[in-house]
Amino acid sequence: MLIWAVFFRSVVLIADYVLASMTAMVVIPMLGAWLHRQSGAASGDLTMAGTVAMWIAPLLFVVLLLAAAEIAAMRGMWRWSTRRIQAVRDARTPALTPATAAPRTTRPSQKTNRKRSN
Numbered sequence: 005m006l007i008w009a010v011f012f013r014s015v016v017l018i019a020d021y022v023l024a025s026m027t028a029m030v031v032i033p034m035l036g037a038w039l040h041r042q043s044g045a046a047s048g049d050l051t052m053a054g055t056v057a058m059w060i061a062p063l064l065f066v067v068l069l070l071a072a073a074e075i076a077a078m079r080g081m082w083r084w085s086t087r088r089i090q091a092v093r094d095a096r097t098p099a100l101t102p103a104t105a106a107p108r109t110t111r112p113s114q115k116t117n118r119k120r121s122n
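Residue 53 in this note's numbering is what sits at position 49 of the sequence shown, and the numbering runs on without skipping anything.
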């Protein structure tokens with residue numbers, strides 16, 4: 005069971021690392037260079053305010069969107085690995101799963117009105 009947990013978690017961590025590093029080293033610099041050329045900042049025609057408005061602000065916005073999307077993807081992969089680990093755990097202990105879900109029959113259920121102190 006531990007081997008499967010380590011396997012699934014390490015697959016997710018490696019995928020997260022590759023996703024984050026490719027975004028940081030490839031996607032964001034290429035996007036920044038494209039925005040730099042398209043905004044006119046490369047030719048020197050823009051003032052400092054124009055550079056911020058036409059190049060830096062859109063780049064920052066897109067980087068934040070990429071970060072949010074990556075975090076959502078990483079969380080999804082982590083939840084996927086948790087479901088896989090739980091499936092392996094359930095497959096290894098099939099006899100215990102129905103026993104824990106069965107209702108208790110040792111005492112009859114009684115509804116009593118008790119005061120609760122907060």
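Glycine included, every Cβ here is placed at the ideal spot set by N, Cα and C.
Query raised in the report: Do you know how far the Cα of Arg96 is from the Cα of Leu68?
Result: Locating residue 68 in the sequence shown gives position 64, counting from the first residue. Locating residue 96 in the sequence shown gives position 92, counting from the first residue. Their backbone Cα atoms lie some 42 Å apart in a straight line.
Query raised in the report: CA-CA distance, Ala28 and Ser47?
Result: Translated into positions along the sequence shown, residue 28 becomes position 24. Translated into positions along the sequence shown, residue 47 becomes position 43. One C-alpha to the other measures close to 26 Å.
Report task. Indicate whether the contact test is met: 3 or more Cβ pairs, each with one atom in the segment 81 to 94 and one in the segment 12 to 21, closer than 8 Å. Result -> yes
Requested in this report: Express the C-alpha separation of Val22 and Thr86 in angstroms, rounding to a whole number.
Outcome: In the sequence shown, residue 86 corresponds to position 82, counting from 1. In the sequence shown, residue 22 corresponds to position 18, counting from 1. Straight-line Cα distance between these residues: approximately 20 Å.
Query raised in the report: Do you know offhand how far Leu50's Cα is from Ala71's?
Result: For the purposes of this step, residue 50 is identified with residue 46 of the sequence shown, where counting begins at 1. For the purposes of this step, residue 71 is identified with residue 67 of the sequence shown, where counting begins at 1. Whole-angstrom Cα-Cα distance: 28 Å.
Query raised in the report: Can you give the beta carbon distance from Ile89 to Ala9, rounded, assuming they're within the 8 Å contact cut?
Result: Taking the first residue of the sequence shown as position 1, residue 89 is located at position 85. Taking the first residue of the sequence shown as position 1, residue 9 is located at position 5. Yes, they are in contact, since the Cβ atoms of Ile89 and Ala9 sit about 5 Å apart, within 8 Å.
Requested in this report: Take Gln42 and list the residues in its own chain whose beta-carbon comes closer than 7 Å to its own, dropping the five residues that flank it on each side.
Outcome: Numbered from 1 along the sequence shown, position 38 holds the residue referred to as residue 42. Closer than 7 Å at the Cβ level, and outside the excluded window around Gln42, lies no residue.
**Report entry** Asp94: first and last residue of the uninterrupted alpha helix (DSSP H) it sits in
**Finding:** Counted from its first residue, the sequence shown places residue 94 at position 90. Per DSSP, Asp94 belongs to the alpha helix (DSSP H) from 61 to 96.
Query raised in the report: Skipping 5 residues on each side, what residues in its chain have a beta carbon closer than 7 Å to that of Gly36?
Result: In the sequence shown, the residue the question calls residue 36 occupies position 32. Correct list, in chain order: Leu63.
Report task. Decide if Trp59 is buried, meaning its Cβ has at least 16 other Cβ atoms within 10 Å, or exposed. Result -> Taking the first residue of the sequence shown as 1, we reach residue 59 at position 55. Buried is the call here.
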